[in-house]
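In this text, residue positions in the sequence shown follow the working numbering: the first is 1, and each later residue adds one.
Positions of the beta carbon are idealized from the N, C-alpha and C atoms, including for glycine.
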Amino acid sequence: MKQICVLGVGYVGLTTATCFADLGNTVIGVDIDERKIAGLLQGRLPIYEPGLEEMVRRNLAAGRLQFTTDYTRAIGQSEFVFIAVGTPSGADGEADLRYVRAAAEQIATSLQRPAIIVNKSTVPIGTGDLVTTIIRRLNPTAEFAVVSNPEFLREGSAIADFMNPDRVVLGSEDREAAARVAELHAPLNAPVIITDTRTAEMIKYASNAFLATRISFINEIAVICDELGADIKEVARGMGLDKRIGPAFLDAGVGYGGSCFPKDVQALAHMAAIHGRHPQLLYAVMEINRSQRRLVVLRLREMLGTLDGRTIALLGLSFKPNTDDIREAPALEIAHLLSLEGANLRAFDPLAMEQARPYLPPGTVLARDPYDAAKGADALVVVTEWNEFKQVDLRQLKAVMARPVIIDGRNIYDPREMRREGFEYYGIGRGRPRAAVGGDGLVSASALDQ
Ligand code: UDX
Numbered sequence: 001m002k003q004i005c006v007l008g009v010g011y012v013g014l015t016t017a018t019c020f021a022d023l024g025n026t027v028i029g030v031d032i033d034e035r036k037i038a039g040l041l042q043g044r045l046p047i048y049e050p051g052l053e054e055m056v057r058r059n060l061a062a063g064r065l066q067f068t069t070d071y072t073r074a075i076g077q078s079e080f081v082f083i084a085v086g087t088p089s090g091a092d093g094e095a096d097l098r099y100v101r102a103a104a105e106q107i108a109t110s111l112q113r114p115a116i117i118v119n120k121s122t123v124p125i126g127t128g129d130l131v132t133t134i135i136r137r138l139n140p141t142a143e144f145a146v147v148s149n150p151e152f153l154r155e156g157s158a159i160a161d162f163m164n165p166d167r168v169v170l171g172s173e174d175r176e177a178a179a180r181v182a183e184l185h186a187p188l189n190a191p192v193i194i195t196d197t198r199t200a201e202m203i204k205y206a207s208n209a210f211l212a213t214r215i216s217f218i219n220e221i222a223v224i225c226d227e228l229g230a231d232i233k234e235v236a237r238g239m240g241l242d243k244r245i246g247p248a249f250l251d252a253g254v255g256y257g258g259s260c261f262p263k264d265v266q267a268l269a270h271m272a273a274i275h276g277r278h279p280q281l282l283y284a285v286m287e288i289n290r291s292q293r294r295l296v297v298l299r300l301r302e303m304l305g306t307l308d309g310r311t312i313a314l315l316g317l318s319f320k321p322n323t324d325d326i327r328e329a330p331a332l333e334i335a336h337l338l339s340l341e342g343a344n345l346r347a348f349d350p351l352a353m354e355q356a357r358p359y360l361p362p363g364t365v366l367a368r369d370p371y372d373a374a375k376g377a378d379a380l381v382v383v384t385e386w387n388e389f390k391q392v393d394l395r396q397l398k399a400v401m402a403r404p405v406i407i408d409g410r411n412i413y414d415p416r417e418m419r420r421e422g423f424e425y426y427g428i429g430r431g432r433p434r435a436a437v438g439g440d441g442l443v444s445a446s447a448l449d450q
């Protein structure tokens, strides 16, 4: 099997390194963060990803997987050098390439044998050329080729997505090098697309931007459904049965977060804008996503009147279930908006409490469980659709709340059942509350059924 080095052991790099090791290759994961590497060598992961810890430990024990901060050693002996470093957003939304540049410079000074440089990071179109230029300039005699190999991993299902990809995308001006990277993926038995570098880089951005567009589309339809009395979940079901549409990514809610969609849509729009194009659809996708967070505050005001001094419970802080990742999580922005309105916050998340703590408004109470979060709350907002929230005891929840008001930001509950249980319930696109806020700030349950 092959000798592989992966630069950057974050979500993408650690999954990539571990899965390639599990396929029988010898893999060295490299990072500048000594604490991260030290933890990994003891089988402790810096991130939560279902199944990954066990896979890391198994491959460490088998000797197929190693971790080091020694770039020179790791790169020098590898046939394939994967770049999987972060590409955070810059001030104008552009992708910040400082880590990619640093990786290219490290590679240039560490190469000791012909190697194929494989770019896994999500990078602006043209970055493959940049990596080539940097290595060529610093090491004119180096024998290498650059191949773009964008990842399509979802957090929470990264191993499954790696081992069962819908397609493997490879881009390079050196088709023989691309074919050798294709061989590396052969055990996955997936369709392989081999194209040029820029096209492969664009496939990644266009795919993420399209998925984000589906989400903002269904969210716009949901807001219209609220006004016209249609049920967005039924609308999505009816749409999704059309084979040309399909059911995926049509779940209306408080919008998308995470380290990818927000960053990638913004970066693609920025690339268009600096080349003189006006990406109006991408701008609309981002604006709709922002407005979904604000929608929660608007609905709470409709149901409670003023939010000043009210206690609001947030269920879910991670940007989606089965991860502890809070990057661009809707919950953080919603918490900030509610805090600006003078609300007191209580919050619970099964995994992401410690990650979220520094980003929550001061005074936010971090609760032990959903019922503790709901204690004394004037309203409860479901922000992340963790399974355990779907099974809560509604009567117990209502008993501890000051007011039985629920904003279901991920449409996990059935409106009719919630109203039968005596809740003033608002989902996203499931019928807006009739703004009949009584003197005591309560919306009469009957008003909601009109
Ligand atoms: C995404 C892409 O799916 C993946 O292919 C790419 O490699 C990285 O970005 P990820 O960000 O991990 O993966 O999560 P994903 O499951 O795609 O969800 C992204 C966000 O969209 C989450 O905040 C989720 O709550 C939201 N979402 C998703 C919706 O609001 N509605 C949907 O129907 C689907």
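Across the set 6, 381, 377 and 289, the C-alpha of 289 shows the shortest separation from the C-alpha of residue 216. By the beta-carbon neighbour count (other beta carbons within 10 angstroms, threshold 16), residue 333 is buried. In terms of side-chain proximity, the C-beta atom of residue 52 is found no nearer than 7 Å to any non-hydrogen atom of the ligand UDX. Of all C-beta pairs linking the stretch 30 to 42 to the stretch 114 to 122, fewer than three are shorter than 8 Å, placing the two stretches out of contact.
When only Cα atoms are considered, residue 275 and residue 76 end up about 38 Å apart.
For residue 245, there is no enclosing beta strand (DSSP E), as DSSP marks it with neither H nor E. Residue pairing for residue 5: DSSP places it in a beta bridge opposite 28 and 81. Assignment of residue 121 by DSSP, reduced to helix, strand and coil, places it in the coil class. Here DSSP, grouped into helix, strand and coil, assigns residue 161 to helix. Taken in chain order, the unbroken stretches of alpha helix (DSSP H) that lie wholly in the stretch 371 to 403 and span 4 residues or more are 387 to 390 and 394 to 400.
Per DSSP, residue 148 is one residue of the beta strand (DSSP E) stretching across 144 to 148. Under the rule that a run must span 3 or more residues, the beta strand (DSSP E) segments found entirely inside the stretch 309 to 377 read 311 to 315 and 344 to 348. In the structure shown, residue 408 adopts extended strand secondary structure according to DSSP, grouped into three states. Straight-line spacing of the CA atoms in residue 199 and residue 175 works out to 14 Å. With contact defined as three or more Cβ pairs closer than 8 Å, the stretch 206 to 223 and the stretch 176 to 185 are not in contact. Here residue 13 is not near residue 24, since their CB atoms are 8 Å or more apart. A direct Cα-Cα distance of roughly 19 Å separates residue 392 from residue 253. Under DSSP, residue 115 shares a beta bridge with 144. Secondary structure at residue 67: strand, using DSSP grouped into helix, strand and coil. If you draw a 10 Å sphere on the C-beta of residue 22, you find 16 or more other C-beta atoms in it, and that means buried.
Here the stretch 338 to 348 makes contact with the stretch 304 to 313; the two share three or more CB pairs at distances below 8 Å. The bridge partners DSSP lists for residue 207 come to none. When 317, 338 and 322 are compared, the shortest CA-CA separation from residue 328 is found for 317. Around the CB of residue 37, 16 or more other CB atoms lie within 10 Å, so the residue is classed as buried.
DSSP places residue 171 in the strand class (E or B) of the three-state scheme. Separation of residue 224 and residue 429 (C-alpha to C-alpha, rounded to the nearest whole angstrom) is 7 Å. Taken through DSSP and simplified to helix, strand or coil, residue 283 comes out as helix.
Taking C-beta separations shorter than 6 Å and ignoring five residues to either side along the sequence, the partners of residue 272 in its chain run 279, following chain order.
The beta carbons of residue 82 and residue 16 sit about 6 Å from each other, so the pair counts as a contact at 8 Å. Below 8 Å, enough C-beta pairs join the stretch 180 to 188 and the stretch 153 to 168 to call them touching: three or more. The beta carbon of residue 48 sits no closer than 7 Å to any heavy atom of the ligand UDX. Between the beta-carbon of residue 108 and that of residue 138 there is about 4 Å, and that keeps the pair under the 8 Å contact cut. Contact between the stretch 236 to 247 and the stretch 56 to 71 is not established, with fewer than three Cβ pairs separated by less than 8 Å.
In the DSSP annotation of this structure, the continuous segment of the beta strand (DSSP E) that includes residue 424 starts and ends at 424 to 426.
Three or more beta-carbon pairs drawn from the stretch 92 to 102 and the stretch 251 to 271 are found closer than 8 Å, and the two stretches are therefore classed as touching. Note on residue 399: under 16 other CB atoms within 10 angstroms of its CB, so exposed under the neighbour-count rule.
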